[in-house]
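Report on the structure given below.
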Amino acid sequence: MLSHLSPQQAGRHAEFRAFADRSLVPQADRFDREQSISREVVADLAGQGYLGALIPKDFGGLGMDWIEYGLLTEELGRGCQSIRNFVAVDDMVAHSIHKWGTQEQKQQWLPRITSGRALAAFALTEPEVGSDAAAVETTATADGTDIVLRGTKKWISFAQIADLFLVFAQFEGQHTAFLVERDTPGLTVEALDGLLGLRGSMLGRITFDDCRIPAANLVGRPGLGLTFVASSALDLGRYSTAWGSVGLAQACLEASTEYAGRRAQYGTEIRNHQLVQQLLADMLTDTVTARLLCHHAGVSKERGEMEAVNHTLLAKYRASTVAVKAAADAVQIHGAQGIGTEASVQRHYRDAKVMEIIEGTSQIQQTMLGQFAVRAARP
0 MLSHLSPQQA
10 GRHAEFRAFA
20 DRSLVPQADR
30 FDREQSISRE
40 VVADLAGQGY
50 LGALIPKDFG
60 GLGMDWIEYG
70 LLTEELGRGC
80 QSIRNFVAVD
90 DMVAHSIHKW
100 GTQEQKQQWL
110 PRITSGRALA
120 AFALTEPEVG
130 SDAAAVETTA
140 TADGTDIVLR
150 GTKKWISFAQ
160 IADLFLVFAQ
170 FEGQHTAFLV
180 ERDTPGLTVE
190 ALDGLLGLRG
200 SMLGRITFDD
210 CRIPAANLVG
220 RPGLGLTFVA
230 SSALDLGRYS
240 TAWGSVGLAQ
250 ACLEASTEYA
260 GRRAQYGTEI
270 RNHQLVQQLL
280 ADMLTDTVTA
290 RLLCHHAGVS
300 KERGEMEAVN
310 HTLLAKYRAS
320 TVAVKAAADA
330 VQIHGAQGIG
340 TEASVQRHYR
350 DAKVMEIIEG
360 TSQIQQTMLG
370 QFAVRAARP
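Take the sequence shown: its letters are residues 0 to 378, numbered as in numbering that gives the first Met the number 0.
Next up, the structure:
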């Protein structure tokens, strides 16, 4: 419901929606139950060019603009949040390599990531380090022409299947990013199952036990890991989470209107009951306004505006809270049907809560937006 899309953007949106309906919606509940995604859907994403979609065509990407990418992310989120998360994480690493990596790193990895031949994971969070990313305890030590990594990362999406990790560590007292291949000696991955939501995200704990990598695997320069590499990647992740939250809310709206049209109580479909209409009206209004905030953030990114990061923060904060309410109301409308394991809305309900946590909790977003509001109010 964005009337001001260009003909190309509207056409791509229709393409993305058809893909989600064909390839994601029928499998999303299975991915949730099995706590994994299939290699077939990864190949399907790669075949469509949806891996590394923001990356220029010279490196195998589609060179999408930010609005098109947002529309893609919304539809992936409407279809399956675990798949949206997979694409987001893959893109966060690809984007980091393209923006901060050496020419050799770009040539080695970007064509492999965009084609799906190499799956990537973003390894920042640790057992005792979440929102305070500056407190990472993983260390990197120079040893001749090598770097030796020691430490543990936790809650890493798709660690179970990733071929390449973008790892953040303390190097000579400075936050620094490194590329680490899965088969590097000293690297082990332990699966983390039984999560509340995004259960197909195949999370893992990564341990680096004297894990030795070439010094050439350093991304950017020492000291740029947090303020530049991680910050720009997390901004992309928040943008994806914002649009994906809109997709989740849209899925809840569509499921609720469909169910309310066929479920009858007291002699009429429940869509005719005013309190149900109120829930649907709020769901529609919230979804549309969140989508407009996401579009505004995309336009701001396209224009290269200085406040683009804050506009993305605003969109992520609002859209994730909208998703939580939409999912809760969708379960309420479905009644007993909504809490059964066969109802997609119960998956949306669990996934929505995760959206308020990943890429910065709602409380962190509020703190940052509060600071933005204070700065904006100054003469």
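Note that CB positions come from ideal geometry on N, CA and C, so glycine has one too.
Residue from the options whose Cα sits closest to the Cα of residue i
i, options, result
"Arg237", "Thr286, Arg261, Leu223, Cys293", "Cys293"
"Leu44", "His94, Ser114, Val135", "Ser114"
"Ala229", "Ala250, Leu217, Ala176, Ser361", "Ala176"
"Gly76", "Met367, Ala351, Ala342, Thr226", "Ala351"
"Cys251", "Ser81, Glu268, Asp285, Leu274", "Asp285"
"Leu53", "Cys79, Lys153, Val88, Ala27", "Val88"
"Leu178", "Glu125, Leu109, Pro126, Gln159", "Leu109"
"Arg290", "His310, Asn271, Gln273, Val275", "His310"
"Ala134", "Thr101, Gln173, Gly100, Gln106", "Gln173"
"Phe170", "Thr124, Val218, Pro126, Thr206", "Val218"
"Thr183", "Phe227, Gly193, Asp162", "Asp162"
"Gly193", "Ala307, Arg349, Glu136", "Arg349"
"Asp90", "Gln102, Asn216, Thr101, Thr72", "Thr72"
"Gly339", "Ser2, Ala307, Arg32", "Arg32"
"Arg38", "Thr101, Phe85, Lys56", "Phe85"
"Ala119", "Gly51, Ala280, Gly150", "Gly51"
"Glu14", "Glu103, Gly48, Ala42", "Gly48"
"Thr138", "Gly10, Pro221, Val41, Arg261", "Pro221"
"Gly69", "Gly246, Gln276, Glu136, Glu341", "Gly246"
"Trp154", "His347, Lys105, Gly196, Glu180", "Gly196"
"Val41", "Glu355, Asp57, Ile160", "Ile160"
"Gln383", "Lys56, Leu4, Asn271", "Look at the range of the chain in this structure, 0 to 378, and you will see that residue 383 is not part of it."
"Ala375", "Arg317, Ile356, Glu306, Glu355", "Glu306"
"Glu103", "Glu127, Pro126, Met63, Phe58", "Phe58"
Extent of the continuous alpha helix (DSSP H) run through residue i
i, result
"Thr256", "230–261"
"Ala280", "273–302"
"Asp142", "Note, Asp142: premise wrong, no alpha helix (DSSP H); beta strand (DSSP E) at 138–142."
"Val24", "No alpha helix (DSSP H) holds Val24; DSSP gives it neither H nor E."
"Gly10", "6–18"
"Arg111", "102–113"
"Lys324", "307–333"
Run of the beta strand (DSSP E) containing residue i, from where it starts to where it stops
i, result
"Gly150", "145–155"
"Val366", "Just to set this straight, residue 366 is Thr in the shown sequence, not Val. Careful: Thr366 lies outside any beta strand (DSSP E), inside the alpha helix (DSSP H) at 361–376."
"Cys210", "203–213"
"Thr187", "186–190"
"Thr72", "Unbroken run through Thr72 is the alpha helix (DSSP H), 65–78; no beta strand (DSSP E)."
"Val128", "Run containing Val128: none; DSSP gives neither H nor E here."
"Val41", "That residue, Val41, is in no beta strand (DSSP E); its alpha helix (DSSP H) goes 38–47."
"Ala119", "119–122"
Pair within 9 Å by beta-carbon distance, residue i and residue j
i, j, result
"Glu379", "Thr256", "Residue numbering for the chain in the displayed model covers 0 to 378; residue 379 lies beyond these limits and cannot be assessed."
"Gly60", "Ala19", "no"
"Ser244", "Ser130", "no"
"Ile82", "Ile36", "yes"
"Ser231", "Met201", "no"
"Glu74", "Gln7", "no"
"Ala122", "Lys152", "yes"
"Val353", "Gln80", "yes"
"Ile332", "Ala259", "yes"
"Ala132", "Leu225", "yes"
"Phe371", "Gly199", "no"
"Asp234", "Leu278", "no"
"Gly337", "Gln345", "yes"
"Ile112", "Ala158", "no"
"Ala27", "Ser361", "no"
"Gln365", "Lys315", "no"
"Trp65", "Glu301", "yes"
"Leu312", "Leu223", "no"
"Ala215", "Thr101", "yes"
"His347", "Ala280", "no"
Beta-ladder partner(s) of residue i, from DSSP
i, result
"Gln345", "Gln345 pairs with nothing; no bridge assigned."
"Gln264", "Thr267"
"Glu166", "Per the sequence shown, the amino acid found at residue 166 is Val instead of Glu. The partner list for Val166 (beta bridge, DSSP) reads Ala122, Phe177."
"Leu217", "Phe177"
Any non-hydrogen atom of the ligand NAD within 8 Å of residue i CB
i, result
"Glu125", "This structure lacks the ligand NAD, and indeed carries no ligand of any kind."
Residue i at chain D interface by Cβ criterion, 9 Å
i, result
"Ala322", "Although the question refers to chain D, the structure presented lacks it and comprises just one protein chain."
Should the segment 202–221 be regarded as contacting the segment 156–175, the criterion being three or more beta carbon pairs within less than 8 Å? Counting C-beta pairs closer than 8 Å gives three or more between the segment 202–221 and the segment 156–175, which meets the contact rule.
Validate contact between the segment 138–145 and the segment 187–198 using beta carbons, cut 8 Å, 3 pairs: Of all C-beta pairs linking the segment 138–145 to the segment 187–198, fewer than three are shorter than 8 Å, placing the two stretches out of contact.
Pairing CB atoms from the segment 294–306 with CB atoms from the segment 257–273, are three or more of them under 8 Å? Result no; under three Cβ-Cβ pairs closer than 8 Å.
Is the segment 318–337 touching the segment 271–291, taking contact as three or more C-beta pairs under 8 Å? The segment 318–337 and the segment 271–291 touch, with no fewer than 3 CB-CB distances between them shorter than 8 Å.
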